[in-house]
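Engineer: Numbering (my numbering), first residue to last: 391 to 624.
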């Protein structure tokens with residue numbers, strides 16, 4: 391059965407498909423011009439996502455070279471620190487106020503570049519090596535519309551996304567998901583995590599702690615607290 395989209399979503403998909411070559415500024419302009427509303431994506435809201443998933447993630451459309459998803463964020467929901475695999479262009483449209491951190495990865499070390507949150511109505515650009523974390527530190531649920539695309543790949547544009555999990559001291563690759571406490575079936579490969587300073591770990595812990603508390607994952611919390619304590623002693 392063919393999926394029926396709202397007129398705005400249908401127009402958004404058409405406008406992206408008709409472009410021979412896309413860039414971040416162009417896809418952001420297309421999203422802004424189509425004025426997607428929360429009603430347009432209501433069928434994809436997933437606040438009641440599995441407790442094993444640290445945010446709701448629903449595919450709306452996949453054309454091979456680009457895909458559109460809706461992420462749903464209830465209070466305490468967060469991604470892990472991650473990038474976006476083979477993505478060459480894309481954007482996020484915010485239907486609410488989101489907590490956000492931007493990181494740099496160089497010389498085998500993860501560092502915080504920016505602590506700047508996003509407000510409702512903003513559009514943020516995305517590319518493969520953009521490394522960040524985002525989530526909901528407020529008490530209000532909200533959603534975000536995500537578009538990931540490529541001018542060179544015909545499928546799996548988010549494949550080999552790198553996800554950093556300091557609480558497990560692991561770095562994994564996935565098809566695009568960036569869940570905390572990730573199901574092993576979603577992991578393509580894994581290895582020990584790269585270096586990260588005390589400021590990175592302490593800030594990360596403060597962001598993701600509510601998710602682990604909500605789900606009663608006490609052992610992971612204790613490991614994180616021990617790690618922070620040992621860092622402060624050294």
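Note that CB positions come from ideal geometry on N, CA and C, so glycine has one too.
#1: According to DSSP, is residue 585 part of a helix, a strand, or is it coil?
#2: Would you mind giving the Cβ-Cβ distance between residue 475 and residue 548, rounded to the nearest angstrom? I have them listed as a contact below 8 angstroms.
#3: My output table needs one value for residue 494: the three-state DSSP class, helix, strand or coil.
#4: Taking only three categories from DSSP, how would you classify residue 572?
#5: Mind listing, in chain order, the continuous beta strand (DSSP E) runs of no fewer than 3 residues lying wholly within the region 408-454?
#6: Taking the beta strand (DSSP E) that residue 395 falls in, what are its first and last residues?
#7: Classify residue 393: buried if its beta carbon has 16 or more other beta carbons within 10 angstroms, exposed otherwise.
#8: Let me know if residue 506 comes out buried or exposed under the rule of 16 or more other beta-carbons within 10 Å of its beta-carbon.
#9: Tell me the rounded alpha-carbon separation between residue 489 and residue 543.
#10: Taking 9 angstroms as the threshold (C-beta atoms), are residue 470 and residue 570 in contact?
#11: Can you give me the start and stop residues for the beta strand (DSSP E) that residue 480 sits inside?
Structural biologist: Short version:
#1: strand
#2: 5 angstroms
#3: strand
#4: coil
#5: 446-452
#6: From DSSP, residue 395 is part of no beta strand (DSSP E); its letter is neither H nor E.
#7: exposed
#8: exposed
#9: 31 angstroms
#10: yes
#11: 479-484
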